Structures are given as C-alpha cells and as structure tokens.
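Novice:
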Amino acid sequence: MGLFDFFKKKPAAPKVVVEVLYPQTWENSEAPVEPTVLAAEVLQPTPGEAVEIQVPSHIAAEDVAPVAEVVETVETETETETAVTSETNLDEGLTKTRKTWSERWNAFMANFRSVDEDFFEELEETLIGADVGAQTALQLTDELRNEVKLQNAKSKADISRVIIDKLVEHYRSQGVNEDASMHFAPEGPTVILFVGVNGVGKTTTIGKMSARYKAEGKQVVLAAADTFRAGATQQLQAWGERNGIPVVAGAANADPASVVYDGVKTAIETNADILFVDTAGRLQNNVNLMQELAKMKRIITRELPNEPQEVLLALDATTGQNALQQARLFKDSTDVTGIVLTKLDGTAKGGIILPIRNELHLPVKWVGLGEQVGDLQPFDADDFAKSLFGSLLIGDDK
Ligand code: GDP
C-alpha cells in the first residue's frame, strides 16, 4: 500500500447481520478478529440467534465469518460514524503532540537551504526535540542520508516528503517480535497485572479497561493490591461501584500479597474471566521492586500456573524521557508484556511512543486519552501515524 493510499479515508466498515454460531468459539478462535471486539456488540448471544453488529472499521467483513455466519450485509457506508468517532478520539488526544510536531517541522523546513551536513544535524536535533529518542533520531538521520541520495531528492517538497515518509514508516512498522495483542487464558481466569510508578494512571486504566471488557460480556474482578498509596483502594472501589464490578480489597497498609491472594481465590471461585490486579508504585530501588513483583507473581502462579498472561506497565506520556527510564527499570525487574501509555491527551510528547517500541522493544498495547471511562483505546500503529503525520503530508494543518 502506497503512502497516499494509507492516508486516504478508511474503506467502508459495513454493518452485517450475523448468525451466532457458538459463543465459545470466540474464546478459542484463531481468526484475525479479536473475539472481544465482536462480543462488544452481542452481550449475551445465543447460538443460532441472528444479531446485527457494526463491524469495527479495522476488521474486514469476511473476517467475521470464522466466528459467526454472515447472513447479510446490511449497508456499506463510505465512512461510518463508528469509525469517525474512534478516530476522532485519537485525533483529539493527539492534538498537542501533532501541533508541536507541525510547528517544529515547519520551523525546520522554513530554514531549508540545501541538503548538507548542517541540514542533517539540524534534522537530528529536531527529531530529538520531538521525543523520538536520541538513538532513534540518530538511526533515522542515517537512514535519511541514504534515502535522500537514493531518491535524488533536492527540492524542499521532495526532501520533506522523503523524511515524513520515513517517519511514518517507523511509526507504523512493527518491531521485532512485537505482539500488541492481549492474551487470554483458554479457560479459567486470566490475570492482568498492572505495574508502574505512582500517579501514572494504573488505577484509572484498570477502571476503564475493566469496564470495557465487562461491556464485552466478560466477568471481571478487581484486586486493590496498591495498599501503599492513600486512597488507591477507595479509588478502585469507586470504579468498581460505578461499573458494577466486584473489588477485592484489604485493610489499609495490608500486605499487598494477601490482597493478590484473595483476588485470585475470588476470581477462581466466581469463575471470573479476568482478574485485574492494581499494584503499588513504590520504587525505592530496583531490588525492592523486583522482589515485590516476584512475590506477587509467585502467589498468582501457585494458584494459576499460566498466569499472569499480561503484565502491563503504565507510563505517563507527559513525563517524556522519564517514562523511558521507568520502562527500562521495569523491563529489567519483571517480564513486562506491554505498555499502556496514559495521558496522551495532556501532552505534546506523544512522539515517545516510537522509542518505547523501537529502543526498548516493548509493545504499546493501549493508549489513555483522558480521564473518562471511554478514554482508553487499543493502540493501532497505523491510526497513530496517520493522526500524527497526515496533516503534514496532505498540507491540511490541523
Ligand atoms: P496510579 O497511581 O498509577 O494508580 O494513577 P491514577 O490512576 O490514580 O491516576 C493519576 C491521575 O492521572 C488521576 O488524576 C487520573 O485521573 C489521571 N489520568 C489517568 N489516565 C489519564 C489519561 O489517559 N488522561 C488524563 N488526562 N488523565 C489521566
């Protein structure tokens, strides 16, 4: 797919009527469809039931077939409201980052005289300023030296295009072994452990994510194992109450391990699909952190040998390079399976997503775009690149 095709409007996201085959096939399906996405539209499906669902824009109608029989395609719109809404959210969330990118970019290109060493040095500085990380900025600049020569780009417009093209390619590209999907146990509770320093948005993300999975028909339990931060338990309980989700909690300053244990027991006894575990962001040093996380994992694994499926590290995008530092520390301390990058809505530092994926090789799985329950989205590299650079390429400066 060429770059301009990529920036063209998304193709139709058709509405289809599906006949539900066996709901349990969603759990085990190896189809490219995320079962949870479909389940969002059909909360309590009965085999044989015909239901109308809106196929999410990134899923082709034919991909629905392995999990449910497509009876009829109701309509095909050029661009559905659903697609616009979800993209608008990401677009809105990235407003500050995009604005800073275009300002820096325009200032850089306004200085353009010719392609010489000064030009590439300035480019590298511009990229570092845009939070792509020093290592990535160096790599990108090196690649661009070759690319500019290769394409014999000389005019301002050509140079600009080659560079943005390369940036888009990097933001879209999948890292080595990058697996941005969420993993679920084929049976029994899936445990999702949240880690990260204080204030990055762990509790809030659990609130949002658990509500999302509950709406998709999953039975969810929360364990308030952040017994260190004052108010963390109450905060999680408030999310639980709001969304009708049970919360397992201990007394103030209780041993977090005991809360984890109770949480696991409750999840097993109540046949829950997912247990979310909130943890404290205490971070005196690497050894402490490692020991505490290892202890929690041991408790979980004793009861559920294949859990936790996910150890999600929450990082606050507004902290920029600091977030990278935290990611390094946690990566060294435990097996982080993915990143939730929070507060993208409040920052111009959204570029940080590139070094997290490129330099640390950690997949970003979710992005936080606000404080409300709906302000959490699975990370989609294509949408992200499109939102960030689309206006630079097509000259529509948002
Ligand atoms: P924790 O200590 O890691 O559990 O962090 P909290 O969940 O308590 O979040 C700290 C603050 O960040 C709270 O005021 C949240 O409302 C806020 N927050 C969390 N995620 C987001 C987000 O995606 N966007 C914005 N704007 N605020 C967020």
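Using numbering that gives the first Met the number 0, the first residue of the sequence shown is number 0, and each one after it goes up by one. Each residue gets a CB set at the ideal place from its N, CA and C atoms; glycine is no exception. These numbers were taken from a predicted model, which means no experiment stands behind them.
Could you give the distance in angstroms between the alpha-carbon of V219 and the alpha-carbon of D374?
Specialist: Numbered from 1 along the sequence shown, position 220 holds the residue referred to as residue 219. Numbered from 1 along the sequence shown, position 375 holds the residue referred to as residue 374. Each residue's Cα considered, the two are about 19 Å apart.
Novice: Would you say G128 and R103 are within 8 Å of each other, going by their C-beta atoms?
Specialist: Within the sequence shown, numbered from 1, the residue matching residue 128 stands at position 129. Within the sequence shown, numbered from 1, the residue matching residue 103 stands at position 104. Yes, the Cβ-Cβ distance between G128 and R103 is below 8 Å.
Novice: Can you tell which of V131, A156, D130 and I162 has its C-alpha closest to the C-alpha of R144?
Specialist: In the sequence shown, counting from the first residue as 1, residue 144 sits at position 145. The candidate whose alpha carbon is nearest that of R144 is I162.
Novice: Which word fits T317, buried or exposed, when buried means at least 16 other C-beta atoms lie within 10 angstroms of its C-beta?
Specialist: In the sequence shown, residue 317 corresponds to position 318, counting from 1. With 16 or more Cβ atoms within 10 Å of its Cβ, T317 is classed as buried.
Novice: Have a look at the DSSP bridge pairing and note the partners of L375.
Specialist: Counting from one through the sequence shown, the residue named residue 375 turns up at place 376. L375 is bridged to G367.
Novice: Helix, strand or coil: which one does DSSP assign to V199?
Specialist: Taking the sequence shown and counting its residues from 1, one reaches residue 199 at position 200. V199: coil per DSSP, three-state reduction.
Novice: Quick check: the Cα distance between H360 and G230, rounded to an integer number of angstroms?
Specialist: One-based indexing of the sequence shown puts residue 360 at position 361. One-based indexing of the sequence shown puts residue 230 at position 231. Going by the C-alpha atoms only, they are around 34 Å apart.
Novice: State yes or no: is the C-beta of A313 within less than 8 Å of the C-beta of V167?
Specialist: On the sequence shown, residue 313 is found 314 positions in, with the first residue counted as 1. On the sequence shown, residue 167 is found 168 positions in, with the first residue counted as 1. Result no, Cβ atoms of A313 and V167 do not sit closer than 8 Å.
Novice: Applying the criterion that 16 or more other CB atoms from any shown protein chain within 10 Å of the CB defines a buried residue, is E86 buried or exposed?
Specialist: Position 87 of the sequence shown, counting from 1, holds the residue named residue 86. Caution is warranted here: a pLDDT of 35 is assigned to E86, below 50, making its placement in the model unreliable, and the coordinate value is therefore given only provisionally. Result: buried.
Novice: If I measure Cβ to Cβ from K155 and keep anything under 8 Å in the same chain, skipping five residues before and after, which residues do I get?
Specialist: As a position in the sequence shown, residue 155 is number 156, starting the count at 1. Closer than 8 Å at the Cβ level, and outside the excluded window around K155, lie M108 and F111.
Novice: Less than 6 Å between C-beta atoms, sequence neighbours within five positions excluded: which residues of the same chain meet that for P307?
Specialist: Here residue 307 refers to the residue found at position 308 of the sequence shown. Once the five neighbours on either side are set aside, the close Cβ partners of P307 are V190, L192 and I299.
Novice: Let me know the alpha helix (DSSP H) ranges lying completely inside the segment 188-235, each 4 residues or longer, listed in chain order.
Specialist: Correct list: 201-214.
Novice: Measure the alpha-carbon distance for T232 versus E177 and round it to whole angstroms.
Specialist: Within the sequence shown, residue 232 is the residue found at index 233, counting from 1. Within the sequence shown, residue 177 is the residue found at index 178, counting from 1. Those two C-alpha atoms are separated by around 33 Å.
Novice: So, for T45: in the same chain, excluding its five sequence neighbours on each side, which residues have a beta-carbon less than 6 Å away from its beta-carbon?
Specialist: Here residue 45 is taken as the residue at index 46 of the sequence shown, counted from 1. Caution is warranted here: a pLDDT of 48 is assigned to T45, below 50, making its placement in the model unreliable, and the coordinate value is therefore given only provisionally. Correct list: empty, nothing qualifies.
Novice: If you compare alpha carbons, which of S209, T333, G200 and A266 is closest to Q290?
Specialist: Locating residue 290 in the sequence shown gives position 291, counting from the first residue. Minimum Cα distance to Q290 is reached at T333.
Novice: Looking at the structure shown, is L93 part of a helix, part of a strand, or coil, going by DSSP?
Specialist: Along the sequence shown, read from residue 1 onward, the residue named residue 93 stands at position 94. Three-state DSSP puts L93 in coil, outside helix and strand.
Novice: Go to A136, then tell me how far its alpha helix (DSSP H) extends in each direction, as first and last residue.
Specialist: On the sequence shown, position 137 is the one that residue 136 refers to. Residues A133 to L149.
Novice: Between N88 and ligand 2, is the CB less than 7 Å from at least one heavy atom?
Specialist: Judged by which ligands are present, ligand 2 is missing from the structure shown, whose ligands are ligand 1.
Novice: What residues in its chain sit with their C-beta under 7 Å from that of D130, if we drop five residues either side in the sequence?
Specialist: By 1-based counting over the sequence shown, the position of residue 130 is 131. Here the set comprises G319, K348, G350 and I351.
Novice: Spatial neighbours of L292 within its chain, please: C-beta separation below 7 Å, excluding the five flanking residues on both sides.
Specialist: Position 293 of the sequence shown, counting from 1, holds the residue named residue 292. So the list reads V194, S332 and T333, once near-sequence residues are dropped.
Novice: Examine the Cβ distances between the segment 93-101 and the segment 338-347 and report whether three or more of them are shorter than 8 Å.
Specialist: Because the criterion of three Cβ pairs below 8 Å is met, the segment 93-101 and the segment 338-347 touch.
Novice: May I ask whether a heavy atom of ligand 1 can be found less than 7 Å away from the beta carbon of E91?
Specialist: Residue numbering aside, residue 91 sits at position 92 when the sequence shown is read from its first letter. E91 Cβ: outside cutoff for every heavy atom of ligand 1.
Novice: Does DSSP put T333 in a helix, in a strand, or in coil?
Specialist: The residue you call residue 333 lines up with position 334 of the sequence shown. Coil, per DSSP.
Novice: Could you pull the start and end residues of the alpha helix (DSSP H) that A266 belongs to?
Specialist: Here residue 266 corresponds to residue number 267 of the sequence shown, with the count starting at 1. First-last of the alpha helix (DSSP H) with A266: P255 to E268.
Novice: Keeping to the same chain, check which residues put their C-beta closer than 6 Å to that of K296; ignore five residues upstream and five downstream.
Specialist: Along the sequence shown, read from residue 1 onward, the residue named residue 296 stands at position 297. Closer than 6 Å at Cβ, skipping near neighbours: no residue.
Novice: Under the criterion of a Cβ to heavy atom distance below 7 Å, does K148 qualify as lining ligand 1?
Specialist: In the sequence shown, residue 148 corresponds to position 149, counting from 1. It does not: the Cβ of K148 is nowhere closer than 7 Å to a heavy atom of ligand 1.
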